[in-house]
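Trainee: Numbering (the working numbering), first residue to last: 175 to 586. In this text, a Cβ means the ideal position worked out from N, Cα and C, and glycines have one as well. Below are the structure tokens for one structure; questions will follow.
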């Protein structure tokens, strides 16, 4: 496996808990299918963002109320990560992936048929809870990959996940404009059924060695892992604060684009996902860096790039070119931050990858939920200045912790 050293690099030690047969069964096609499944599943969380103004009008609620739905979806997702993802360390991961895909299909249908706002809120929470497929896929992929290629494999799977997140906004914006917001959720439900069939037919069986722990023991061990693994704590902090800033921007972008000087509808708001997709090139590149070690400096640089992007957005966002440049820089920094942190947490305790991933992603998406909330509050209080002020404050907090931690390690 890979283990972090005190200098922030990665060294290979020990053995992983997967057989050579299982590793040899992981083909390029399998990797790309896992990337597709991760992206399609993660997209379910983000279809609503460019549709928020349309959904608000549909139920006659305010921007603050509909912003709460996006926040609760993220909180529901954090709950699913906490209570479902750890099962992968004791149960067959492929079977769990299939079950989660089918559960997501049911939740998406519930959103599509929502007769009132309260139903939508409950269905949104259920959608968040069940849409944890990507976080079952990534430890599954990590367990099947050879240690020397794990960063590259994770980079590919995370590229699919990132594209799903970004293109979800584009697709939902277009579909919402052409067919109405409910149609997007019917289409997403059908895609989950298709993904479940492909996983069952194509992906290899999960042959990793499982820990024989009961469900209460799995949950109880989460705190122990968090308290004894500094890499997990550190990566969770940087990831959560970075994603909070990222979400503060994306959850309010549709509102910003609907105001002067733009006056854009959901289709154009969603198209900005294509702009941000350029940033996904960072995932594969950073994954290769993770395979070589020395990730700490690059992680700090990723947070710095995100802060730079918000300064660009704050100063030039009223001009389309400036807004586009800011979105590209933001997504490159965000993808680098996510990939490095996730590669770092996968470098410890291979037998506990699902639980470690659950800890990291709970912190990550709780950060995202807070970012959605703070971004909406910032928008309601001070519009564009409020959103960018919130995002910059979150990233400055992350960088302060980063420099304090880095200086402490340099002294040891």
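1) Just the C-alpha distance for residue 508 and residue 330, rounded to the nearest angstrom, thanks.
2) Hey, residue 532 and residue 387 are a contact pair by Cβ (cut 8 angstroms); roughly how many whole angstroms apart?
3) Answer yes or no: do residue 216 and residue 335 have a C-beta to C-beta separation smaller than 8 angstroms?
4) Report the residue ranges of all beta strand (DSSP E) runs contained in full by the segment 226 to 313; include only those spanning at least 3 residues, in chain order.
5) Would DSSP call residue 522 helix, strand or coil?
6) Keeping to the same chain, check which residues put their C-beta closer than 7 angstroms to that of residue 425; ignore five residues upstream and five downstream.
7) Going by C-alpha distance, which of 406, 339, 490 is nearest residue 514?
8) Report the CB separation of residue 259 from residue 301 in whole angstroms; it is logged as a contact under 8 angstroms.
9) Among 498, 233, 250, 364, which one has its Cα closest to the Cα of residue 537?
10) With distances taken Cα to Cα, identify the nearest neighbour of residue 276 among 376, 211, 499, 449.
11) Buried or exposed: residue 126, going by 16 or more other Cβ atoms within 10 Å of its Cβ?
12) On the three-state DSSP scale, how would you describe residue 493?
13) Please classify residue 441: does DSSP put it in a helix, a strand, or coil?
14) To the nearest angstrom, how far is it from the Cα of residue 236 to the Cα of residue 200?
15) DSSP on residue 554, reduced to helix/strand/coil?
16) Checking 8 angstroms against the spacing of the C-beta atoms, do residue 416 and residue 353 come in under that value?
17) To the nearest angstrom, how far is it from the Cα of residue 408 to the Cα of residue 317?
18) With residue 219 as the anchor, note down where its alpha helix (DSSP H) starts and where it stops.
19) Do you know offhand how far residue 576's Cα is from residue 568's?
20) Identify whether residue 185 lies in helix, strand or coil by the three-state DSSP scheme.
21) Would you kindly work out how many angstroms separate the C-alpha atoms of residue 255 and residue 325, rounded to a whole number?
22) When the Cα atoms are used, what is the spatial distance from residue 345 to residue 449?
23) Per DSSP, what kind of secondary structure is residue 505 in: helix, strand or coil?
24) With H, G and I counted as helix, E and B as strand and the rest as coil, what does DSSP make of residue 386?
Mentor: In brief:
1) 16 angstroms
2) That pair is no contact at about 13 angstroms.
3) yes
4) none
5) coil
6) 223, 241, 244, 546, 549, 550
7) 406
8) With 8 angstroms as the limit, residue 259 and residue 301 do not qualify as a contact, their Cβ atoms being about 16 angstroms apart.
9) 250
10) 211
11) This structure leaves residue 126 out entirely; the chain is present only between 175 and 586.
12) coil
13) helix
14) 48 angstroms
15) helix
16) no
17) 22 angstroms
18) Neither: residue 219 is in no alpha helix (DSSP H) and is coded neither H nor E.
19) 13 angstroms
20) Unreliable positioning characterises residue 185 in this predicted model, as indicated by a pLDDT of 33, which lies under 50. The coordinate reading is nonetheless provided below. The answer is strand: DSSP assigns residue 185 an E or B state.
21) 22 angstroms
22) 13 angstroms
23) helix
24) coil
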